[in-house]
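J.: Protein chains in written order, with the working numbering: chain G, 107 to 485; chain X, 7 to 392; chain D, 2 to 154.
Every residue gets a Cβ at the ideal spot worked out from N, C-alpha and C, and that includes glycine.
Note that this is a predicted model, so its numbers are computed, not measured.
Please see the structure below; I have some questions.
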Amino acid sequence: MEKVAIVGVGMTKIEANKVSERFEDMVFEATRKALDDCGMDIKDVGNVITASNDFWDGRTISCMAVGDAQGVREKNASCTEGDGTFGAFYGMTRILSGAYPSTLVTGHSKGSESVSSLITNAVFDPIYERSLGVDMVTGCAMQARAYMEATGATAEDFARVSVKNHKNAMNNPLAQLPMDISVQDVLDSEMIADPLHKLDCSPVSDGACALILADEATAKKLAKKPVWLKGVSFCSDAYFLGDRDLAKSPSLEKAAQKAYAMAGISDPGKDIDVAQVYDAFSYQELMWLEGLGLADYGKAKDHLAAGDFDVSGALPVNTAGGLLSGHPVIAAGLYLMAEAVRQLRGEADNQVEGARTAVVQGVNGVAGQSHCVWVLSSE
Amino acid sequence: MGNKRVAIVGTGQTFHKSHRPDVNGQELINEAVAAALKDAELTMDDIDGIVIGNMDHFEGINYVDCWSVDGSGGFMRPIIKLTTGGTTGSTLAIGGYHMVASGMFEKVLIIGWEKNSESDTTGAITTAFDPIWDRLVFAGAIAGLAAEGQAYMHKYGITDKDAARVSVRDRRHAVNNPHAQLRKEITVEEVLASPMLSDPIHLLDVCPRTDGACAVIMASEDVAEKICPVPDWIIGCANRHTYNYVGDCNLGNIDSMRCASAELWEKTGIKEPRKELDVIELYQPYSFAGILWIEALGVAEPGKGSRYIWDGNTDMGGELPINPSGGVIACNPIGATGLIRCAEVALQIQGKADARQVPDVNLGLSTGFGGCFWTDLILHSKQKPE
Amino acid sequence: MIDQDLNNVEPLVYESKIGVPYYWWAGDTATRFLEAIRDKGELWGTRCPECGKVFVPPRKSCPRCFGQQTSWEKVGPGGTVVTYTVARKKREAIPEDVPVVFALIRLDGADTAMLHKIGGVDPDKVSTGMRVKPRFAEERKGHIRDIECFIPD
């Protein structure tokens, strides 16, 4: 199979409310930075993928807002709706199909312009569920409870994730919430929906991220060392929360196994040097690490307490601060991929020494219904 | 072409209607999926991945890829959502093509659907346009189309009677298609007598609102011929989503289609589309487009599209039949519409189009239209590509 | 000069709202479920003949086996709390005052749990494994909120 690499990354700063930039302005900035990162001209980009969401953007055909900012006029283009990791997947297939030498993938969102509770309430079934008033936070809170009861994880365990990630963000100039906080600070923060405190939840954020993917011949001619896309897979669990065992993540396990197989990884715990996982809520980092096979079930909390997931630990996780430190939905997975690229190039703000292989995970739906798993490598 | 050659090996459609109160969205989707699996003689266990799409604000459901799994078969499978407005259906087909061509998936299920009866279509489509510059002065899709029609009329001197001839053709063809929503013939006089919606567009010049779903199964060259005696090979795709603002559009001269078709003909070595193509399923949401856009495709010379149609060339039995299915004027479940065009050409290639079959189809074109005068194109062939 | 002007701009906020009405067809399967609640105060699920699972909410076809045939099965009215949360902060989607308890409840005889609310009890006393039963609304309209909430059994 043809090899595909990420050759350029560009990110805007993640902010609570970007008053001066509209969608297209953010996407232009991210695209411009990604082009500059690898020394490409927009004319040389083979095709364009947008990751966007009509609900979050308050706009039908939300990709239409950003086409000009991606230089779309002379190119083939498409749009995936959902996390940017899925957009990157589609961008990769358009290279592997032999159609294009390179793909620009952008993701954007402005949480500041809408009401996240109402937007995520619309993920629930209109006939059986929606009018009850449940949303992403309350839906995930039920999962957090189920996970606690299945594994014995505590509010303190969840709080440690938040403490670590906000601390990692202190070295990331693009993060929205760099904070030096304690476990007690998290536990003292407002209770939103039991067992999730305010500091267990990611913030509402604005931001855009762009990646440029390219085939081997193109990648080798560009400015930066290519980071190879070695494995990818995605998988969805059942829709209704009550159809699922919320304490487990079988769809993530299946996606991870397939992505590892594609990448030739037999022992992820040993072969993965750094992980970027979708920590929309603190507890999710623990659950997803277990789903990814990077900790035994119910044991991620112990590794976390032992410092294994710190930047200096055995398996650093969310080295740029994760989504708890800034969560522009849709773009989020692309930000995680961009951080993995920077780690594997050796240019990260919290550089993990000798990082060669990274895993990245993105999520669609409530409580991790559908996951996309990537394996990236510098070799 | 790609890493793997790709063919359509099965298609399924619902019987499209103005309202489907007997099913919710997931159940509607399931009807098309079950029909496509049956057509290909496959089961859900054979499917490696799913591509699904619609337009969010028509049903008001966020993350349709996640919500739909009970109907789509997405439980514990890879499912991804693509959406690009009116072009969604064709965008889905192109997505399925790349997934299979990449070599990562052997058999992909592609689903386009819409329940337009569940919302205010015009209210929802108006939100496609820029909230500050365009939205307040833009009343749904029809205003933009009317502007295009007017620009063309001004340039070439055609009339609404010429456009009506296109509606008459498509509605006559729809009589042969059991899946079409509007299956009653109309006359030029009836079109001209129907209410004027937005000058020069009459009610019978435009598409209806429809509830419907379509599913297509694509397979790689490794298995396509084993699944299906006559696979419909996809030999090229091209698209342009050129403009973002209505005011930028080169009205009456659809740039996206001219550029995308030029690319497609060049990539596939088509010199004379009018002579080489055997059938077109054109995503033609209003009658005037039936004239303008065949010129953009290079089928008719600029200004000569109307004459070409009056001479019967695009009717069943003509030189190049267009929309044997009855097209979009007879049926428009928006997120499915582009995929229905693709599925209908597949049926033509496979010789399975029954009463709407065009004889001896070797090469067919399906198109998608949407967004801000955007175009998707897919070229289908009975011959396996080199 | 132009750059200077743009740098000194105080961006405006352009307030708007998307107001699209929706008419969700419940379909014959959900209609039957909702009518049974409305007319008889009964809860019904569907059973897949292949895997034998009973689904609530009911499904027209089994999402796992993908078979088209399902049969109806009466479930509940009692059930068990599988997991829950107490929404303490008022969020825009929540129609009433907080605290509100959202829960997944597995009705007796069902293999899946349904999402609803728990009431008639101090939120701090709710626990997983708790037995509950539905409290129906006085005036019922064929709506999921015809069940006001589930209360301790």
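Can you tell me where the beta strand (DSSP E) holding Ala147/X begins and where it ends?
T.: Looking at the DSSP string, Ala147/X is not in any beta strand (DSSP E); the run it does join, the alpha helix (DSSP H), is Gly146 to Tyr162.
J.: Taking DSSP as the reference, what is the three-state secondary structure of Asn338/X?
T.: coil
J.: Between Val76/D and Leu108/D, is the Cβ-Cβ spacing less than 8 Å?
T.: yes
J.: According to DSSP, simplified to helix, strand and coil, what is Leu171/X?
T.: Note that residue 171/X corresponds to Arg in the displayed sequence, not to Leu. Correct three-state label for Arg171/X: helix.
J.: Using a Cβ-Cβ cutoff of less than 6 Å, which residues in the same chain neighbour Ala352/X once the five nearest sequence positions on both sides are dropped?
T.: Ile14, Thr17 and Asp238
J.: Which bits of chain G does Ser108/X rub up against, with CB to CB less than 7 Å?
T.: Thr199, Leu202 and Ser203
J.: Is DSSP giving Ser237/G helix, strand or coil here?
T.: helix
J.: Do the segment 315-325 of chain G and the segment 59-69 of chain X make contact, defined as three or more Cβ pairs closer than 8 Å?
T.: no
J.: Whole angstroms are fine: how far does the CA of Leu440/G sit from the CA of Ala194/G?
T.: In this structure, the alpha-carbon of Ala194/G lies about 8 Å from that of Leu440/G.
J.: From what residue to what residue does the beta strand (DSSP E) around Val87/D run?
T.: Per DSSP, Val87/D belongs to the beta strand (DSSP E) from Gly80 to Ala88.
J.: For Leu383/X, which residues of its own chain have a beta-carbon under 7 Å away from its beta-carbon, when the five flanking residues on both sides are left out?
T.: Cys243, Ala244, Asn245, Ala266, Ser267, Leu270, Leu371 and Thr373
J.: Look at the Cβ atom of Ile148/G, then the Cβ atom of Arg89/D, and state whether they are nearer than 8 Å.
T.: Taking 8 Å as the Cβ cut-off, Ile148/G and Arg89/D do not qualify as a contacting pair.
J.: Below 8 Å between beta carbons: does that hold for Pro459/G and Gln382/G?
T.: Going by the sequence as given, residue 459/G is Glu instead of Pro. For Glu459/G and Gln382/G, no; Cβs fall outside 8 Å.
J.: Near Met7/X, what residues of its chain come up, given a Cβ to Cβ distance below 6 Å and the 5 sequence neighbours on each side ignored?
T.: Confidence in Met7/X is poor, its pLDDT being 38 and thus under 50, which makes the residue's placement unreliable; the coordinate value appears in the next sentence. Once the five neighbours on either side are set aside, the close Cβ partners of Met7/X are Pro391.
J.: Kindly indicate which three-state DSSP category Tyr103/X falls into: helix, strand or coil?
T.: helix
J.: How about Arg179/G: is its C-beta nearer than 8 Å to some C-beta of chain X?
T.: yes
J.: Using the C-alpha atoms, what's the distance from Ala130/X back to Ile106/D?
T.: 35 Å
J.: On the criterion of 16 or more Cβ atoms from any shown chain inside 10 Å, does Lys354/G qualify as buried, or is it exposed?
T.: buried
J.: Looking only at C-alpha atoms, which of Gly110/D, Ile152/D and Val133/D sits nearest to Val57/D?
T.: Gly110/D
J.: How would you list, in chain order, the residues of chain X whose beta-carbon sits under 7 Å from the beta-carbon of Pro64/D?
T.: Val75, Asp76 and Phe81
J.: Going by the CB atoms, is the gap between Pro422/G and Ile67/X shorter than 8 Å?
T.: no
J.: Between the segment 42-68 of chain D and chain X, which residues of the former have a C-beta closer than 7 Å to a C-beta of the latter?
T.: Arg60, Lys61, Ser62, Pro64, Arg65 and Phe67
J.: Going by DSSP in three states, Met2/D sits in which element: helix, strand or coil?
T.: No answer about Met2/D holds up, because its pLDDT of 46 lies below 50 and its placement is not dependable.
J.: Are the C-beta atoms of Thr113/D and some chain G residue less than 8 Å apart?
T.: yes
J.: Going by other Cβ atoms of all chains shown within 10 Å of its Cβ, with 16 needed for buried, is Cys72/X buried or exposed?
T.: buried
J.: Please determine, among Val240/G, Ser218/G and Thr209/G, the residue with the shortest C-alpha to C-alpha distance to Phe103/D.
T.: When each option's Cα is compared against that of Phe103/D, the closest is Val240/G.
J.: One question on the structure: do Glu426/X and Leu369/X come within less than 8 Å of each other, judged by their Cβ atoms?
T.: No information on residue 426/X is available, as it lies outside the stretch 7 to 392 that chain X covers here.
J.: Taking Ser268/G as the query, report the chain D residues whose CB atoms sit under 7 Å from its CB, ordered along the chain.
T.: None at all; the shortest Cβ gap to chain D is about 17 Å.
J.: Which residues bound the beta strand (DSSP E) around Leu203/X?
T.: Met202 to Ser204
J.: So, is the C-beta of Met7/X closer than 8 Å to a C-beta in chain G?
T.: Unreliable placement is indicated for Met7/X, whose pLDDT of 38 sits below 50; no coordinate value is reported for it.
J.: Taking Cβ-Cβ distances shorter than 8 Å, what residues in chain X pair up with Ile38/D?
T.: Residues of chain X passing the Cβ test: none, with the nearest at roughly 17 Å.
J.: Helix, strand or coil for Trp25/D? Go by DSSP, reduced to three states.
T.: coil
J.: Output, in chain order, the set of chain X residues within a Cβ distance shorter than 9 Å of Gly28/D.
T.: Arg26, Pro27, Asp28, Val29, Asn30, Gly31, Gln32, Glu33 and Leu34
J.: Of the choices Ile35/X, Leu257/X, Arg83/X and Arg280/X, whose alpha-carbon is the least far from that of Ala159/X?
T.: Note that residue 159/X is Met in the sequence shown, not Ala. Of the candidates Ile35/X, Leu257/X, Arg83/X and Arg280/X, the one whose C-alpha sits nearest the C-alpha of Met159/X is Leu257/X.
J.: From Thr186/G to Phe129/G, what distance separates their C-alpha atoms?
T.: Those two C-alpha atoms are separated by around 16 Å.
J.: Can you list, in chain order, the residues of the segment 281-292 of chain G whose Cβ is nearer than 9 Å to any Cβ on chain D?
T.: none
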